[in-house]
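Heads up, the thing below is written out as structure tokens.
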Amino acid sequence: MRHYEVVFLVHPDQSEQVGGMVERYTKAIEEDGGKVHRLEDWGRRQLAYAIDNVHKAHYVLMNIECSAKALAELEDNFRYNDAVIRNMILRRDEAVTGQSEMLKAEENRNERRERRERPAESESADGSSDDVDSAE
């Protein structure tokens with residue numbers, strides 16, 4: 001079996017169906033003896049250019065190990081599902097299980113945002129305690 005990296009974009013109006021799609025695709029891969037090594041849901045993101053007058057899409061990344069038969073079935077599912085507006089399948093030399101650069105960057109942004117908010121919260125807490133002391 002070979003290793004593949006699969007990225008597919010789902011129409012933003014169908015974002016709530018992504019979980020079901022991923023389950024269906026994972027089941028098809030595993031029934032054929034394959035394995036999903038990594039699954040990342042990147043959520044709704046801005047597209048670099050409009051696809052069918054759509055400017056945002058829901059991104060999903062999967063790193064899988066499967067047979068040619070399971071891969072063909074996955075490609076057919078993408079082709080005949082109107083909610084999937086784009087897909088890309090790349091062959092990899094080995095399984096990739098670590099976080100993608102997209103997910104790492106998102107976590108770094110979240111950490112920086114939390115650090116910025118913490119000092120503001122502690123300053124507001126300190127400011128309110130001063131008001132109580134001056135009132136007494």
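The numbering of the sequence shown is UniProt numbering, which starts it at 1 and goes up by one.
Ideal placement from N, C-alpha and C gives every residue a C-beta, glycine not left out.
Quick caveat, the model's predicted, so the values are computed rather than measured.
- The way I'd put it, the stretch 61–68 does touch the stretch 23–42; three or more beta-carbon pairs between them come closer than 8 Å.
- Residues Met1, Ile64, Glu65, Cys66, Ser67, Ala70 of the same chain have their beta carbon placed closer than 8 Å to that of Gly34, with the five preceding and five following residues left out of the count.
- If the five residues before and after Arg24 are omitted, its C-beta is found closer than 6 Å to no C-beta atom of its own chain.
- Look at Asn110 here: in three-state DSSP terms it is helix.
- Taking Glu94 as the centre and dropping the five residues before and after it, the same chain places the C-beta of His3 closer than 7 Å to its C-beta, in chain order.
- The three-state secondary structure of Asp13, taken from DSSP, is helix.
- Distance from the Cα of Asp13 is smallest, within the candidate group Ala57, Glu5, Ser100, for Ala57.
- Rounded to the nearest whole angstrom, the C-alpha separation of Asp32 and Arg118 is 49 Å.
- For Arg38, the closest alpha carbon among the candidates Ala105, Glu111, Arg116, Arg92 is that of Arg92.
- Counting only the Cα atoms, Ile85 lies some 23 Å from Glu101.
- In this structure, Val6 lies near Ile89, with their beta-carbon atoms less than 9 Å apart.
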